[in-house]
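Participant:
There are 2 protein chains.
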Amino acid sequence: MPYNYFFACFVKKFYEVESIRYYEQEADFKVAVDCIIFGFDEEGLKLLLLKRNFEPCKGEWSLMGGFLRADENLDQAAERVLRDCTGLEKVYMEQLMTFSDVGCDPGARVVSAAYFALMDIRNYDKEAVSSYNAAWVLLEQVPPLIFDHNQMVTKALGRLRRRATNCPVGFNLLPQEFTLPSLQMLYEAIFGCEIDKRNFRKKIHSMNILINTGKKDYSTSKKGAYLYSFDEEKYNSMLENGYNQNFFNI
Amino acid sequence: MPYNYFFACFVKKFYEVESIRYYEQEADFKVAVDCIIFGFDEEGLKLLLLKRNFEPCKGEWSLMGGFLRADENLDQAAERVLRDCTGLEKVYMEQLMTFSDVGCDPGARVVSAAYFALMDIRNYDKEAVSSYNAAWVLLEQVPPLIFDHNQMVTKALGRLRRRATNCPVGFNLLPQEFTLPSLQMLYEAIFGCEIDKRNFRKKIHSMNILINTGKKDYSTSKKGAYLYSFDEEKYNSMLENGYNQNFFNI
DNA sequence: ACAAAAGTGTTCTCCATACACCCATGT
DNA sequence: ACATGGGTGTATGGAGAACACTTTTGT
Numbered sequence: 001m002p003y004n005y006f007f008a009c010f011v012k013k014f015y016e017v018e019s020i021r022y023y024e025q026e027a028d029f030k031v032a033v034d035c036i037i038f039g040f041d042e043e044g045l046k047l048l049l050l051k052r053n054f055e056p057c058k059g060e061w062s063l064m065g066g067f068l069r070a071d072e073n074l075d076q077a078a079e080r081v082l083r084d085c086t087g088l089e090k091v092y093m094e095q096l097m098t099f100s101d102v103g104c105d106p107g108a109r110v111v112s113a114a115y116f117a118l119m120d121i122r123n124y125d126k127e128a129v130s131s132y133n134a135a136w137v138l139l140e141q142v143p144p145l146i147f148d149h150n151q152m153v154t155k156a157l158g159r160l161r162r163r164a165t166n167c168p169v170g171f172n173l174l175p176q177e178f179t180l181p182s183l184q185m186l187y188e189a190i191f192g193c194e195i196d197k198r199n200f201r202k203k204i205h206s207m208n209i210l211i212n213t214g215k216k217d218y219s220t221s222k223k224g225a226y227l228y229s230f231d232e233e234k235y236n237s238m239l240e241n242g243y244n245q246n247f248f249n250i
Numbered sequence: 001m002p003y004n005y006f007f008a009c010f011v012k013k014f015y016e017v018e019s020i021r022y023y024e025q026e027a028d029f030k031v032a033v034d035c036i037i038f039g040f041d042e043e044g045l046k047l048l049l050l051k052r053n054f055e056p057c058k059g060e061w062s063l064m065g066g067f068l069r070a071d072e073n074l075d076q077a078a079e080r081v082l083r084d085c086t087g088l089e090k091v092y093m094e095q096l097m098t099f100s101d102v103g104c105d106p107g108a109r110v111v112s113a114a115y116f117a118l119m120d121i122r123n124y125d126k127e128a129v130s131s132y133n134a135a136w137v138l139l140e141q142v143p144p145l146i147f148d149h150n151q152m153v154t155k156a157l158g159r160l161r162r163r164a165t166n167c168p169v170g171f172n173l174l175p176q177e178f179t180l181p182s183l184q185m186l187y188e189a190i191f192g193c194e195i196d197k198r199n200f201r202k203k204i205h206s207m208n209i210l211i212n213t214g215k216k217d218y219s220t221s222k223k224g225a226y227l228y229s230f231d232e233e234k235y236n237s238m239l240e241n242g243y244n245q246n247f248f249n250i
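Protein sequences, first through last, are from chains X and B.
Taking this note's numbering as reference, the numbering of the first sequence is continuous, increasing by one, and the terminal residue is 250.
Taking this note's numbering as reference, the numbering of the second sequence is continuous, increasing by one, and the terminal residue is 250.
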């Protein structure tokens with residue numbers, strides 16, 4: 001229970017009467033969170049989308065969403081929404097931007113905070129996903145979505161690209177152990193362009209944030225590709241020591 | 001009147017009854033906008049802050065803020081707040097992030113979208129500013145602010161730095177005509193470090209986005225420094241032609 | 001003459017880019 | 001033997017960083 005909570009309870013008494021004077025004439029809004037959930041596999045970069053089996057807009061495609069509750073903040077609401085529909089906790093998430101156009105949701109006056117999430121597409125609760133009638137859709141094949149959700153997706157992709165250039169955020173889209181060819185494919189998918197294999201590997205190796213597990217993945221070639229894991233500790237200590245370089249520059 | 005508006009009116013009829021079923025059990029929130037307003041003069045980078053002469057938290061320092069109205073979106077609300085307290089329109093503004101901690105504003109459950117703005121400190125409505133009891137405060141001397149406003153300021157500074165490295169957003173903080181020494185001082189203030197004069201000028205000149213007006217400003221030296229203006233047209237055409245370089249790299 | 005700010009060029013280093021061949025293995 | 005994907009090194013160009021002196025003019 002955070003300190004703020006007690007403070008709020010304490011101060012509330014003081015404000016209880018006053019607050020009516022200050023705030024009561026202001027308009028009320030529903031506050032939503034919508035999650036742009038990225039995943040990645042050999043086919044490419046994907047989004048987890050809902051073919052809605054509930055109202056409103058039943059039958060149409062949308063992002064995962066939900067409403068903010070009085071006793072939580074937006075980060076918590078976004079985590080809850082993600083947990084509900086994928087069964088996952090501790091997924092990389094980041095607030096993207098808040099959308100607020102009048103009449104965007106015709107059902108009510110809603111202000112919607114978009115969050116983007118990066119997750120390992122091989123590791124989620126299939127039952128939860130299918131109960132929401134959700135599916136992984138290739139980024140290039142995203143259908144028209146309800147409200148301003150397509151706009152949110154566009155924003156999220158831009159943010160993902162910027163993040164991926166500045167920090168090694170891409171690892172969140174891969175399993176804990178991954179091969180360099182798959183890491184390169186991921187970056188090619190994020191940036192939508194081809195990358196020279198030698199330059200890519202040189203860059204990655206020069207950063208010294210990968211650990212070669214010694215194991216090999218033989219699923220895509222006869223020779224087999226080494227499995228690496230991300231050395232988060234090393235990366236964090238680099239950050240503390242003022243590492244300020246671009247992680248990846250196209 | 002945007003297309004969406006008609007659409008909303010049309011669809012509303014359909015939803016009027018239904019919406020009650022979908023949304024009525026969701027919590028209501030007040031939605032605020034808070035503006036982090038940057039200015040710059042020879043003393044350094046400054047923020048426009050309020051010493052509140054109204055409740056709540058009368059007597060304390062805060063950002064400029066206001067509540068979202070039912071008939072506007074967040075961008076419009078932020079513009080309105082800025083217009084009310086500085087008399088300015090068409091100021092560079094950008095949505096920063098939405099803050100939503102429970103108990104942050106003890107007066108009510110408020111979700112607050114922070115905006116950051118860049119303006120020419122020499123050009124604003126002094127009466128409006130003083131009627132709000134507002135003042136320009138050096139960034140290094142920002143006092144404790146109410147709620148989570150200090151956190152917003154920190155975020156805004158980070159965003160400003162990132163923006164300034166990627167695009168020539170700094171010009172919004174200067175008068176229409178400015179000298180290279182003052183432009184350099186601005187960047188030194190934004191990044192909080194010294195910059196080599198020759199390298200700075202080389203970089204700026206190589207971009208070809210400044211117009212030398214031929215006029216000189218003699219206010220800071222006997223020799224006088226040339227006044228330049230930002231060639232927005234040229235910059236836009238560069239963008240269209242796929243200019244993708246960093247504007248400024250420390 | 002001198003103080004005070006404006007203005008200017010060169011060298012070095014490092015990083016991004018372009019580019020072609022060998023390796024391991026299953027068939 | 002060969003097809004398939006994994007893995008490696010070198011040469012070049014361009015941009016950032018370091019660095020010192022001349023110009024102008026008011027006093």
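Where is the CB? At the ideal position from N, CA and C, for every residue including glycine.
Predicted model only: the values in this text are computed from it and were never measured.
Going along chain B, which residues have a C-beta under 7 Å from X:Glu26?
Facilitator: Chain B residues near X:Glu26: Lys30, Phe67.
Participant: Does any C-beta atom of chain B lie closer than 7 Å to the C-beta of X:Gly107?
Facilitator: Interface residue, yes.
Participant: Which residue from B:Glu140, B:Phe40, B:Gly103 puts its Cα closest to that of B:Ile121?
Facilitator: The shortest C-alpha separation from B:Ile121 is found at B:Phe40.
Participant: How big is the Cα-Cα spacing for B:Asp217 and B:Ser206?
Facilitator: Looking at the two C-alpha atoms, the distance is approximately 23 Å.
Participant: At the level of alpha carbons, what is the spacing between X:Ala78 and X:Val31?
Facilitator: Between X:Ala78 and X:Val31, the C-alpha separation is close to 12 Å.
Participant: For X:Ala117, does the three-state DSSP call read helix, strand or coil?
Facilitator: Reduced to three states, the DSSP call for X:Ala117 is strand.
Participant: With burial defined as no fewer than 16 other Cβ atoms inside 10 Å of the residue's Cβ, what is the status of B:Asp71: buried or exposed?
Facilitator: B:Asp71 comes out exposed.
Participant: If we count the other Cβ atoms within 10 Å of its Cβ and call it buried at 16 or more, is X:Asp196 buried or exposed?
Facilitator: So X:Asp196 ends up on the exposed side.
Participant: Identify the residues that DSSP records as bridge partners of B:Lys30: which are they?
Facilitator: Its beta-bridge partners are B:Val110.
Participant: Which runs of the alpha helix (DSSP H), 4 residues or longer, sit entirely within the region 170-199 of chain B?
Facilitator: Runs found: 180-191.
Participant: Going by DSSP in three states, B:Tyr15 sits in which element: helix, strand or coil?
Facilitator: Bear in mind that a pLDDT of 45 at B:Tyr15, under 50, signals an unreliable position, so the number given afterwards is only what the model happens to contain. Here B:Tyr15 sits in helix by DSSP.
Participant: For X:Met97, which residues in chain B fall below 9 Å Cβ to Cβ?
Facilitator: What X:Met97 touches in chain B: Gln95, Met97, Thr98.
Participant: Using 7 Å as the limit for Cβ to Cβ distance, is B:Asn73 near chain X?
Facilitator: Chain X contact via Cβ: present.
Participant: With H, G and I counted as helix, E and B as strand and the rest as coil, what does DSSP make of X:Asn166?
Facilitator: Helix, per DSSP.
Participant: Whose C-beta lies closer than 8 Å to the C-beta of X:Arg159 among residues of the same chain, with five residues either side of it excluded?
Facilitator: Cβ within range, chain order: Glu94, Leu96, Phe116.
Participant: Where does X:Gly214 fall in DSSP's three states?
Facilitator: Reduced to three states, the DSSP call for X:Gly214 is strand.
Participant: Starting from B:Val137, trace the beta strand (DSSP E) in both directions and tell me its first and last residue.
Facilitator: That run of the beta strand (DSSP E) goes 134-138.
Participant: Is DSSP giving B:Gly158 helix, strand or coil here?
Facilitator: In this structure, B:Gly158 counts as helix in the three-state DSSP scheme.
Participant: In this structure, how does DSSP classify X:Ile204 when only helix, strand and coil are distinguished?
Facilitator: Helix at X:Ile204.
Participant: For the alpha helix (DSSP H) containing B:Leu82, list its first residue and its last residue.
Facilitator: Looking at the DSSP string, the run of the alpha helix (DSSP H) that includes B:Leu82 is 74-86.
Participant: Check distances from the C-beta atoms of the region 46-67 of chain B to those of chain X and list, in chain order, the residues that come in under 7 Å.
Facilitator: Within the region 46-67 of chain B, the residues whose Cβ lies closer than 7 Å to some Cβ of chain X are Glu55, Pro56, Phe67, listed in chain order.
Participant: When the distance is taken between beta carbons, is X:Phe247 closer than 7 Å to X:Cys167?
Facilitator: Yes; because the gap between Cβ atoms is below 7 Å, this pair is in contact.
Participant: Return the chain-ordered list of same chain residues with a C-beta closer than 6 Å to the C-beta of X:Asp148, the five sequence neighbours on each side being excluded.
Facilitator: So the qualifying residues of the chain are Phe99, Cys104.
Participant: For B:Leu227, which residues does DSSP report across the bridge?
Facilitator: Note: B:Leu227 sits in a beta bridge opposite B:Thr179.
Participant: Under 7 Å, do B:Asp34 and B:Gly65 count as touching if we go by C-beta distance?
Facilitator: Yes, the Cβ-Cβ distance between B:Asp34 and B:Gly65 is below 7 Å.
Participant: Who are the near neighbours of B:Asp125 in its chain, counting only those whose CB is closer than 8 Å to its CB and skipping five residues on each side?
Facilitator: Contacts found: Thr86, Gly87, Leu88.
Participant: Closest by CA to X:Ile146, which one among X:Leu139, X:Ala225, X:Pro106?
Facilitator: Selected option, being the one with the closest Cα: X:Pro106.
Participant: Give a yes or no on whether the minimum CB-CB distance between B:Val111 and chain X is below 7 Å.
Facilitator: Yes, contact with chain X.
Participant: Beta strand (DSSP E) containing B:Glu24: first to last residue?
Facilitator: Looking at the DSSP string, B:Glu24 is not in any beta strand (DSSP E), and its letter there is neither H nor E.
Participant: Under 7 Å, Cβ to Cβ, is there at least one residue of chain X near B:Tyr23?
Facilitator: Yes - at least one Cβ of chain X is within 7 Å of the one on B:Tyr23.
Participant: Taking 7 Å as the CB-CB cut-off, is B:Asp148 touching chain X?
Facilitator: Taking Cβ atoms only, chain X never reaches closer than 7 Å to B:Asp148, which makes this a no.
Participant: For B:Ala255, go through chain X and note every residue whose CB falls closer than 9 Å to its CB, in chain order.
Facilitator: Lying outside 1 to 250, the shown extent of chain B, residue 255 of chain B is not represented and no answer is given.
Participant: Suppose the cutoff is 8 Å on Cβ atoms and the five residues either side in sequence are ignored; what does the same chain contact list for X:Gln76 look like?
Facilitator: For X:Gln76, where only same-chain residues beyond five positions count, there are no Cβ hits under 8 Å.
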